[in-house]
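Trainee: Counting with this note's numbering, you get residues 26 to 264 for the letters of the sequence shown.
Sharing a structure, written as structure tokens. Questions coming.
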Amino acid sequence: MVSFSRGLLVVLALVCISDVAAEASLLGSNLIKNGDAESGPGSSSGGTVSNIPNWTTSGNFTVVQYDAPGGFPTSSGPGPASRGNNFFAGGPNNGFSSASQTIDISSIASQVDTGSIVFSLTGYLGGFSNQNDNAVLKIDFLDGSASSLGVAQIGPVLASDRSNTTGLFFRSTAGNLPVGTRAIGVTLEMTRTAGSYNDGYADNLSFVLQSNAVPEPASLAMWSILGVGLVCLVRRVRS
């Protein structure tokens, strides 16, 4: 009997721990990988198309070092307070470029489907001088069949929004994660409107999920039963 009780409690404990671990890995932290453009070298001139870890790119999308010559954003100009060495840029000789990645959140499907998960999307976006080259960060909420349940975005930041100043400026949006979401499609789009260089710029991109749910009585009861059961089991074994 003691062996059966011990086995049942172990199973319950593993189930609870698994749920908690899944939540801990996906809730409360930035889910965009290499959102700060620091995982890999940046171009020192802006003219080199860099390999960018964790992103699938199109066009000449690249990563550039702050203070690169030619009028690129500087380490002391408008931008993140903690900006590292690099930022994303649309790249040379193209009118449109992009970078994308997909975030799997299927492990917290049960929490998502309660409608209690909220998201926050933030980033620094900008461009060059009085040109309207720009960056847009889009989030696509995908169901289990990869069909879109809705989108959210920040940007663009146009020349008038920047007072014709070269740099990156903070933008954010937030909302409820659609019920049924199983993955997040992240796409950073850079569009050129003038000149030969695509001067859409971005840095410090972040997508964070949080739960606004109060623990359900059933969940609290399970933990209580588990705790009491463990105490009783320990006492029985000792006796």
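Note that beta-carbon positions come from the ideal geometry of N, C-alpha and C, so glycine has one too.
Since the model is a prediction, treat every value here as computed from it, not as a measurement.
Just checking, does the stretch 119 to 136 make contact with the stretch 75 to 86 on the three C-beta pairs under 8 Å criterion?
Mentor: These segments touch.
Trainee: Does DSSP classify residue 77 as helix, strand or coil?
Mentor: Three-state DSSP puts residue 77 in coil, outside helix and strand.
Trainee: If we define contact as Cβ-Cβ less than 8 Å, is residue 205 a contact residue for chain B?
Mentor: Any reference to chain B falls outside this structure, which holds one protein chain only.
Trainee: For residue 88, I'd like the list of residues in its chain whose CB is within less than 8 Å of its CB, leaving aside the five on either flank, ordered along the chain.
Mentor: Answer for residue 88: 62, 65, 66, 67, 68, 75, 77, 111, 112, 113 and 114, listed in chain order.
Trainee: How should residue 98 be labelled, buried or exposed, when 16 other C-beta atoms within 10 angstroms of its C-beta is the threshold for buried?
Mentor: Classification for residue 98: buried.
Trainee: Scan the stretch 116 to 200 and note each continuous beta strand (DSSP E) run of 3 residues or more that stays entirely inside, going in chain order.
Mentor: Runs of the beta strand (DSSP E) inside the stretch 116 to 200: 121 to 129, 142 to 152, 159 to 167 and 173 to 179.
Trainee: Which value, in whole angstroms, describes the spacing of the CA atoms of residue 147 and residue 236?
Mentor: Roughly 18 Å separates the two Cα atoms.
Trainee: In whole angstroms, give me the CA-to-CA distance for residue 72 and residue 168.
Mentor: Each residue's Cα considered, the two are about 38 Å apart.
Trainee: For the pair the stretch 129 to 145 and the stretch 200 to 215, tell me if three or more CB-CB distances fall below 8 Å.
Mentor: At 8 Å Cβ cutoff, the stretches touch.
Trainee: Looking only at its chain, what residues have a beta carbon closer than 6 Å to the beta carbon of residue 165, apart from the 5 residues adjacent to it on each side?
Mentor: 173, 176 and 210, listed in sequence order.
Trainee: On the CB-based measure, 16 or more other CB atoms within 10 Å of its CB, does residue 92 come out buried or exposed?
Mentor: Result: exposed.
Trainee: Measure from the alpha carbon of residue 122 to the alpha carbon of each residue in 227, 70, 230 and 84, then state which is nearest.
Mentor: Checking every option, the nearest Cα to that of residue 122 belongs to 84.
Trainee: Is the distance from the Cβ of residue 206 to the Cβ of residue 179 below 8 Å?
Mentor: Contact: no.
Trainee: Would you mind reading off the limits of the beta strand (DSSP E) that contains residue 210?
Mentor: 208 to 216 is the extent of the beta strand (DSSP E) around residue 210.
Trainee: Which same chain residues end up closer than 6 Å to residue 145 when comparing Cβ atoms and leaving out the 5 residues on each side of it in sequence?
Mentor: Excluding residues within five positions, the ones whose Cβ falls inside 6 Å are 199 and 233.
Trainee: Any idea if residue 225 is buried or exposed, counting beta-carbon neighbours within 10 angstroms, 16 or more meaning buried?
Mentor: Residue 225 is buried by the Cβ-count criterion.
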